[in-house]
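Chemist: Each protein sequence line maps, in turn, to chains A and B. If you read the first sequence in our numbering, its first letter stands for residue 107, the second for the next number, and so on. If you read the second sequence in our numbering, its first letter stands for residue 174, the second for the next number, and so on. Don't be surprised by glycine CBs; every beta carbon is placed ideally from N, CA and C. Before anything else, here's the structure in question.
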Amino acid sequence: MTQGIVVEDLDKHFGSFQAVKEVSFKAEGGKITALLGPSGSGKSTVLRMIAGLERPDAGSIWVDGEEQTSKSPQERRLGFVFQHYALFRHMTVHQNVAFGLAVRKAPKSEQRGRVGELLDLVGLGPFSDRYPDQLSGGQRQRVALARALAPRPKVLLLDEPFGALDARVRQELRRWLDDLHRELGVTSLLVTHDQEEALELAGEVVVMRQGGVEQIGSPEEIYNKPSTPFVAAFVGASNVLRGTIWEGHVHFGRSAVAGAHGFDDGLEAQAYVRPHDVRITRQAGDMSFEVMVERRTNLGWMSKLVLRLQDGQMLVAELPNEEVEGIRADSRVFADLRNAKVFTVGGAEFASGEELAKV
Amino acid sequence: MSISATTSNARPSGVQGRSRFVLIAVAYVGLLLLAPIAGIVWTVIDGGSGVVRRTLAAPDVRHAFLLTGVITVMAVLVTAVFGVAVAMVLARDRFPGRRLMSAIVDLPLAVSPVIVGLMAVLLFGRGGWFEPFFTARGIQIIFALPSMLLVTVFICIPFVVREVVPVLEEVGTEEVEAARTLGASPTQTFFRVTLPTIRWGLLYGIALTAARSLGEIGAVLIVSGTIQGHTETATLYIFRALEERQEASGYFVALVLAAASIVLLTAIELFKRKRVRERSR
Chain A
107 MTQGIVVEDL DKHFGSFQAV KEVSFKAEGG KITALLGPSG SGKSTVLRMI AGLERPDAGS
167 IWVDGEEQTS KSPQERRLGF VFQHYALFRH MTVHQNVAFG LAVRKAPKSE QRGRVGELLD
227 LVGLGPFSDR YPDQLSGGQR QRVALARALA PRPKVLLLDE PFGALDARVR QELRRWLDDL
287 HRELGVTSLL VTHDQEEALE LAGEVVVMRQ GGVEQIGSPE EIYNKPSTPF VAAFVGASNV
347 LRGTIWEGHV HFGRSAVAGA HGFDDGLEAQ AYVRPHDVRI TRQAGDMSFE VMVERRTNLG
407 WMSKLVLRLQ DGQMLVAELP NEEVEGIRAD SRVFADLRNA KVFTVGGAEF ASGEELAKV
Chain B
174 MSISATTSNA RPSGVQGRSR FVLIAVAYVG LLLLAPIAGI VWTVIDGGSG VVRRTLAAPD
234 VRHAFLLTGV ITVMAVLVTA VFGVAVAMVL ARDRFPGRRL MSAIVDLPLA VSPVIVGLMA
294 VLLFGRGGWF EPFFTARGIQ IIFALPSMLL VTVFICIPFV VREVVPVLEE VGTEEVEAAR
354 TLGASPTQTF FRVTLPTIRW GLLYGIALTA ARSLGEIGAV LIVSGTIQGH TETATLYIFR
414 ALEERQEASG YFVALVLAAA SIVLLTAIEL FKRKRVRERS R
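In structure tokens, the structure reads:
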């Protein structure tokens, strides 16, 4: 028996629009897996199909080795947490958390025990008689989580659970969810458009784009070895430099960046370079090339430099302040780019993770 | 409140203008609504307590009240059950013809009750489309309770639907989906989640329906045949009492109906306020 969630070749149309295309992945038992993608990428639809809230046109869904595809949400008994909490507004916190037990006719004493246990777990014990509209957003989402966990679901499905909260509460809840997951170890699938959230919480990330799966991998793989230009651009900030491939380098003007091994010479290519992978020196080095500083913005402990290459392309660099002392707008310096991810332009052809690993 | 306080400080002339409006509004309401009620009360009191006793003792009056009560209760039950069903479909499902259906629900508001009565006569009266079917089975529709109930229900269809649809649209389907993922059956979801969510809107619609059923006369007049002690409702009794120059007892029945309406009106105000709060949550 495979623990966790297995999804095979899911398809879903809304009218003539195909929201989900041949999506397959596994979410390992006891771990947090993230479905990451921009809005409209179909990630929420996939989650809703797993919960039984949408019916797939094709494909199958398995949870802990049991086929779920044609079951109703009621039969699946999976915990679901909604972006806008979806608490029952006419019920107290206690009644909300007890709902999943009450509809299964659990004895009152058992309900009370379990609800108390969960409210303590989410730190809302003293709030059990409040109504949802008397709670803050963060508190409501914790109630929603307690409610989803109360019937001991096999898996927990979270649909942008922190999306409606402000940045600070989001940070707090993220850390709190991480702790909670360590404690409970329930298989979790997290839908998010926030790459930071996915990288921080998930053991594995499924990147989605336009209804399809773009890449599946650990946060490190997704970040350091993006398999498509989309992943390189979507996960973490990237500079994009256009050039031509020649002997394993992408050349633009008199500058060049390594990372194009295994491509044919003469191909048009794009090199994706993270702002923190740009090094700045005062003297020319082996691989560095001259750039002009257009603008320098001090962000406290680090600085953001906007650089102009000789062929006119722009490049953003982020460096600790002590590395760029004395550099300001109109300075001429030398840049050295590391860990560039190279993709050829136009064709479906691009460097795979393995190819990039060799560089 | 603080807003009106600041405006009154800043622009006293505006307040004067507004108090003139208040005066006009009060005069309008007083003249058009309170004066007739006062007149009715006065006539009843003037007739002495004998009128009240005699009216209440008359079998045709008792029957008229009973019939109005029966029609009101049944109209409320039918429009509440089907109204909620229609509202759920209109608010939650997307299907071709949905807008048309939504418009048709409002039709009774635009059609004169007399025409509603006429339509019922055309369908169920002598030579009507459905008349042979029911006559063959010995069921009388026209000049009997079924047609009176039918036209009242028809007229009251919009009230529950119109009050419940906005509430359902406002709260969305997430709570329902949450209930389903928590293991609730569709029936449990309806009674534990949907019904409590729409309760004030529903009660408001029911109160409107009851008020309308109590006071309905046009359609009922056409289909009932006003057979004394048989198909004569309270409003029809008032109509006949006035024709037969039994003003005092007619006014007394009218007063009872007015009192019932005022109770419903109070309930309506209460439900409306609760419903607004429910939607703002």
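Please report the distance separating the alpha-carbon of residue 339/B from that of residue 434/B.
Modeler: 25 Å
Chemist: Thinking just about the alpha-carbon of each residue, which of 432/B, 414/B, 191/B is nearest to the one in residue 384/B?
Modeler: 432/B
Chemist: Suppose contacts are defined by Cβ-Cβ distances below 8 Å. Is residue 246/A in contact with residue 193/A by that definition?
Modeler: Taking the C-beta atoms as reference points, residue 193/A is found nearer than 8 Å to residue 246/A.
Chemist: What does residue 260/B touch in chain A if you count any residue whose Cβ is under 7 Å from its own?
Modeler: Simply none; closest approach about 18 Å.
Chemist: Run through the DSSP bridge pairs and tell me what residue 458/B is partnered with.
Modeler: As displayed, chain B neither begins before 174 nor continues past 454, which places residue 458/B out of reach and without an answer.
Chemist: Sorted by chain position, which residues of the same chain lie with C-beta nearer than 6 Å to residue 317/A's C-beta, five sequence neighbours on each side aside?
Modeler: 124, 125, 126, 127, 148
Chemist: Go through its chain and collect everything with a Cβ distance to residue 327/B's Cβ below 7 Å, but skip five positions before and after it.
Modeler: 281, 289
Chemist: So, for residue 287/B: in the same chain, excluding its five sequence neighbours on each side, which residues have a beta-carbon less than 7 Å away from its beta-carbon?
Modeler: 391, 392, 395
Chemist: Can you confirm whether residue 369/B, when its beta carbon is compared against all beta carbons of chain A, has any partner nearer than 8 Å?
Modeler: yes
Chemist: What is the rounded straight-line gap between the Cα of residue 397/B and the Cα of residue 311/B?
Modeler: Taking the straight line from one Cα to the other gives about 18 Å.
Chemist: Compare the Cα-Cα distances from residue 533/B to each of 274/A, 180/A, 249/A and report the closest residue.
Modeler: Here chain B has residues from 174 to 454 only, and residue 533/B is not among them.
Chemist: Please name the residue, chosen from 304/B, 318/B, 284/B, that lies closest to residue 245/B on a Cα-to-Cα basis.
Modeler: 318/B
Chemist: Shorter than 8 Å from the beta carbon of residue 355/B to some beta carbon of chain A?
Modeler: yes
Chemist: Work out the CA separation of residue 271/B and residue 148/B for me, nearest whole Å.
Modeler: Residue coverage of chain B in this structure runs from 174 to 454, which leaves residue 148/B outside it and unanswerable.
Chemist: Measuring only between beta-carbons, confirm whether residue 301/A sits less than 8 Å from chain B.
Modeler: no
Chemist: What does residue 397/B touch in chain A if you count any residue whose Cβ is under 7 Å from its own?
Modeler: Result: empty, since nearest Cβ-Cβ is about 42 Å, beyond 7 Å.
Chemist: What are the complete alpha helix (DSSP H) segments, minimum 4 residues, inside the region 368 to 429 of chain B?
Modeler: Runs found: 368 to 388, 391 to 397, 407 to 416.
Chemist: In the structure shown, what three-state DSSP assignment does residue 352/A receive?
Modeler: strand
Chemist: At least one CB of chain D closer than 8 Å to the CB of residue 196/A: is that the case?
Modeler: Of the chains in the structure shown, none is chain D; the protein chains are A and B.
Chemist: Between residue 264/B and chain A, is there a C-beta pair that is closer than 8 Å?
Modeler: no
Chemist: Check this for me: beta carbons of residue 415/A and residue 399/A, under 8 Å apart or not?
Modeler: No; because the gap between Cβ atoms is not below 8 Å, this pair is not in contact.
Chemist: Considering only the beta carbon of each residue, do residue 120/A and residue 157/A sit closer than 8 Å?
Modeler: Contact flag unset, no.
Chemist: Which runs of the beta strand (DSSP E) fall wholly inside the region 361 to 411 of chain A and span at least 3 residues, in chain order?
Modeler: 361 to 364, 374 to 379, 384 to 387, 395 to 404
Chemist: Please identify, using Cβ separations under 7 Å, the residues of the region 203 to 221 of chain A that lie next to chain B, in order along the chain.
Modeler: 205, 206, 209, 210
Chemist: Could you name the residues of the region 153 to 186 of chain A whose beta carbon sits closer than 9 Å to any beta carbon of chain B, in the order they occur along the chain?
Modeler: 154, 157, 158, 159, 178, 179, 180, 181, 182, 183, 184, 185, 186
Chemist: Does the region 423 to 432 of chain B come into contact with the region 336 to 354 of chain B, if we say contact requires no fewer than three beta-carbon pairs (one atom in each stretch) closer than 8 Å?
Modeler: no
Chemist: Can you find a CB in chain A that lies within less than 8 Å of the CB of residue 443/B?
Modeler: no
Chemist: What residue ranges within the region 117 to 161 of chain A form continuous beta strand (DSSP E) runs of no fewer than 3 residues, ordered along the chain?
Modeler: 123 to 134, 138 to 142
Chemist: Go ahead and pull the three-state DSSP assignment for residue 111/A.
Modeler: strand
Chemist: So with Cβ pairs under 8 Å, would you call residue 348/B a contact of chain A?
Modeler: yes
Chemist: Just to make sure I have the definition right: I need the residues of chain A whose C-beta is within less than 7 Å of the C-beta of residue 366/B. Which are they?
Modeler: 194
Chemist: Following the continuous alpha helix (DSSP H) through residue 197/A, name the residue where it begins and the one where it ends.
Modeler: Careful: residue 197/A lies outside any alpha helix (DSSP H) and carries neither H nor E.
Chemist: Using CA atoms only, rank isn't needed, just tell me which of 442/A, 168/A, 200/A is closest to residue 392/A.
Modeler: 442/A
Chemist: Could you tell me whether the Cβ of residue 369/A comes closer than 8 Å to any Cβ of chain B?
Modeler: no
Chemist: What residues of chain B sit near residue 190/A, judged by a beta carbon separation below 7 Å?
Modeler: Here the neighbours are 347.
Chemist: Please tell me whether residue 374/A and residue 450/A are closer than 8 Å, where the distance is taken between their beta carbons.
Modeler: yes
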